[in-house]
Amino acid sequence: MSRSAVGLAGLLLVLLCLQFHHTKPFASNKRPLKYGDLNFLHTTDTHGWYSGHRNQKVYDADWGDFVSFGAHMREKLAENGQDLLIVDTGDRHDGNGLSDLTSPNGKESMPIFMKQDYDLVTLGNHELYEWKNSKMEFEQVLSKFGEKYVSTNVLIKAENGSLVPLGNRYRYFVTPIQEIRVLALSFLFDFNRFNDGTFVKPIANVIHESWFVSLLEEYADKVDVLVVFGHIPISHQWKELFVLHAKLRQYFPSIKIQYFGGHSHIRDFTVLDENLTALQSGRFCETVGFASINLTASSDGSVESMKQVFSRSYIDFNRESFEFHSGRNRKTPDGQKVSSQLQSLRQLLGLDSPRLGTIHNNYYMDYVPIDHPHSIFKLLSERVLPTLPADKKEHSSRIIIINTGSVRYDMYKGPYTLDTRYTVSPFENDWVFISVPRSIAVQIADKLNEKSYILGQLLLPAHQRFSSLTEKRQEIFTLPKLEGHLAKGYVTHDDFGSLGDDTPHKPVVNFPVPNVVQSIELDKDSKNDSKVDVVFYNFITPNVQWALNELGYSEAEVKFYSGIYLGELLDKFVQHNDL
Ligand SMILES: *[C@@H]1O[C@H](CO)[C@@H](O)[C@H](O)[C@H]1NC(C)=O
Ligand SMILES: *[C@@H]1O[C@H](CO)[C@@H](O)[C@H](O)[C@H]1NC(C)=O
Ligand SMILES: *[C@@H]1O[C@H](CO)[C@@H](O)[C@H](O)[C@H]1NC(C)=O
Ligand SMILES: [Zn+2]
Ligand SMILES: [Zn+2]
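No gaps in the numbering here: position 544 of the sequence shown is 543 in numbering that gives the first Met the number 0, and each next residue is one more.
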């Protein structure tokens, strides 16, 4: 073939691809949204994923696309004479290089987040670990959103040292189109690892405070819809919401209520009573949640009749879904600006280059069993952890234990860059160790795996939190077979059934994951009473000490082992090994 023929063939190929791109082979599969008088778009637990999932097409939209989508949907609904509220329920840090590579963490990513025209914004526990992050909420995010920033139960220390609400304790407003009177409250779950400059009051206490009771009394007959949006799981197993709910219904016995939740990183929708539903919209910019309320329809309490009043959808965070629902395929000028800001930011932070290595397989947290060759925990415990160098070791036998929650996300095929490290394991914890007899050392991991909460702390990845929810999601196999090629993704089973995902997917299964996994390197001639160095992240020191106590051993001193984070270890490993 001559040079020009090759050129022509290439051009034809490009044209052909463009052609296919325009035909959108999967769009016909999508399930349209069911609009009501009041409509909501909801994000939660974004954890800094504003530039999208580069190695997963099903979540290829970036924050600029989402900003455009919000504006387009507002416009479209206004044309129908309907209102839209855009809501976020917190956790914007820890999980992506875009947020975590800067100091303070979120310095560059929060201004991106704030480009969305939110009507209601609140914070999550990840805004409360570090004082720097809480201060950023108070000084920047609150200033930007003003009355739209609501937190009913989180306090922050003012300069004079007194605790003041971090934001507004409520928002009362009237929607622009249908003039619906909305009272919005926002609660964080009972979280107690907040930094010294902040304070979280449990819901169970707040509901008895006189200001709160007066607020409910004052608005009891002035509200059409109550919106409770917070960083709290909406699962039937989470008791705090029921306490709140009982109180709210004393003052608002029959109005329609919509809850929005977060924190457990799943898609979920629950019915708390015949006039109230709750929506939770996943994690990591994989999902935009949609909810709507028909204010004139009423239900007789059956799920079928409730579907005339309430609706929900889980929109995949990709351009195709955004275009399908909004009917608009161009970014807004604001959206365009955000996308190009993201591009320069990625360059500035060195997220895409240098390329440290190439990953040839996908490694999953729980889409495969833990002993599968593509389990990231198997990879870490059998190959990566043994490369951890010791700063000072005491014995040649060692066991390294990591909690599975220290891995944040799957590792997908493609270039491995700094960004990959921060998505897989962003946590910057030192390694520590204890020296204990082998007979004790080999029992610690098993002990730690006996129950899910140890000292009130969860060691698992967040979305694995409710084992019965995991079971609920495994019912997906009973779904009818769908036609055509489906991408892998969520198939959500919730209180309204199994058709909430805006795009039908080939289901992924979440296999159970233990609290901790371990790498075992024991000398061949070691005996039961030979000493072993047991190494772990200082983050789980209290849990390891608990396990030792349970095993009847309490004389171990915790010493520094290494300051090379798990993520850095993975960087080095990837550079020298074929994965
Ligand atoms: C401290 O400052 C806060 C906020 O600026 C203010 O609301 C509060 O009244 C002050 N408290 C005292 C004791 O001065
Ligand atoms: C639900 O709302 C309808 C209409 O507002 C009302 O008639 C009904 O009593 C409410 N149900 C409950 C259990 O309060
Ligand atoms: C709301 O429900 C009423 C009564 O069922 C129905 O007539 C109306 O069309 C619904 N509104 C919307 C926006 O679907
Ligand atoms: Zn989260
Ligand atoms: Zn959280």
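Even for Gly, the Cβ is constructed at its ideal location relative to N, Cα and C.
From a predicted model like this one, the values you see are computed outputs, not experimental measurements.
Counting along the chain, ALA290 sits inside the beta strand (DSSP E) bounded by residues 286-292. Contact between the stretch 427-434 and the stretch 105-115 is not established, with fewer than three Cβ pairs separated by less than 8 angstroms. The C-beta separation of ILE256 from LEU275 comes to about 4 angstroms, placing the pair in contact by the 8 angstroms criterion. Counting other Cβ atoms within 10 Å of its Cβ, TRP210 stays below 16 and is therefore classed as exposed. In this structure, VAL515 and LEU458 form a Cβ contact; the two beta carbons are roughly 6 angstroms apart against a cut-off of 8 angstroms. Residues GLU273 of the same chain have their beta carbon placed closer than 7 angstroms to that of GLY300, with the five preceding and five following residues left out of the count. Membership of LYS255 in the beta strand (DSSP E) is indicated by the continuous run 255-260. At least one heavy atom of ligand 2 falls within 6 angstroms of the beta-carbon of SER297.
Restricted to the stretch 98-166, the beta strand (DSSP E) segments that are unbroken, complete and at least 3 residues in length are 153-156, 162-164, listed in chain order. Distances from the alpha-carbon of ASN159 to those of GLY196, HIS46, PHE432 put GLY196 closest. Here the distance from the Cβ of GLU239 to the nearest heavy atom of ligand 2 is not below 6 angstroms. In this structure, VAL531 lies near SER396, with their beta-carbon atoms less than 7 angstroms apart.
DSSP, read as helix, strand or coil, puts GLY63 in helix. By the neighbour-count definition (other C-beta atoms within 10 Å, threshold 16), ALA277 is a buried residue. Residues of the same chain with a CB within less than 6 angstroms of the CB of HIS52, apart from the 5 flanking positions on each side, are TYR58 in chain order. The alpha-carbon of GLY89 is positioned some 28 angstroms away from that of ALA219.
Residues whose Cβ lies closer than 5 angstroms to any heavy atom of ligand 4, listed in chain order: ASP44, ASP90.
The beta carbon of GLY35 sits closer than 6 angstroms to at least one heavy atom of ligand 3. By the Cβ rule, the stretch 25-40 counts as touching the stretch 497-513, because three or more pairs are nearer than 8 angstroms. In summary, LYS446 is buried, with 16 or more beta-carbon neighbours lying within 10 Å of its beta-carbon over all protein chains present.
At a cut-off of 4 residues, the continuous stretches assigned as alpha helix (DSSP H) that sit fully inside the stretch 165-209 are 202-205. Around the beta carbon of LEU247, a 10 Å sphere encloses 16 or more other beta carbons of the protein chains shown; the residue is thus reported as buried. Checking the DSSP bridge columns, you'll see ASN38 partnered with LEU83, SER291. With contact defined as three or more Cβ pairs closer than 8 angstroms, the stretch 279-290 and the stretch 41-52 are in contact.
For LYS558, the secondary structure class from DSSP, reduced to helix, strand or coil, is strand.
The beta strand (DSSP E) runs of length 3 or more contained entirely in the stretch 500-548 are, from start to end of the chain, 515-520, 530-536. Here the stretch 139-151 makes no contact with the stretch 62-80; the two share fewer than three CB pairs at distances below 8 angstroms.
A distance filter of 7 angstroms between CB atoms and the heavy atoms of ligand 1 selects the following residues in sequence order: ALA157, GLU158, ASN159, SER161, VAL163. Burial is judged here by how many other beta carbons sit within 10 angstroms of a residue's own beta carbon; GLN346 has fewer than 16 and is exposed. In the three-state DSSP reduction, ASN402 falls in the strand class (E or B). In this structure, LEU162 and PHE198 form a Cβ contact; the two beta carbons are roughly 6 angstroms apart against a cut-off of 8 angstroms. If you draw a 10 Å sphere on the C-beta of GLN115, you find 16 or more other C-beta atoms in it, and that means buried. Straight across, the Cα-Cα distance linking GLU136 with ASN194 is about 13 angstroms. In terms of CA proximity to SER434, SER529 leads the group SER529, PHE112, LEU165. Under the 8 angstroms Cβ criterion, the stretch 551-561 counts as touching the stretch 379-393, having at least three qualifying pairs. Cα atoms of LYS200 and ILE179: separation of roughly 30 angstroms, rounded to the nearest angstrom.
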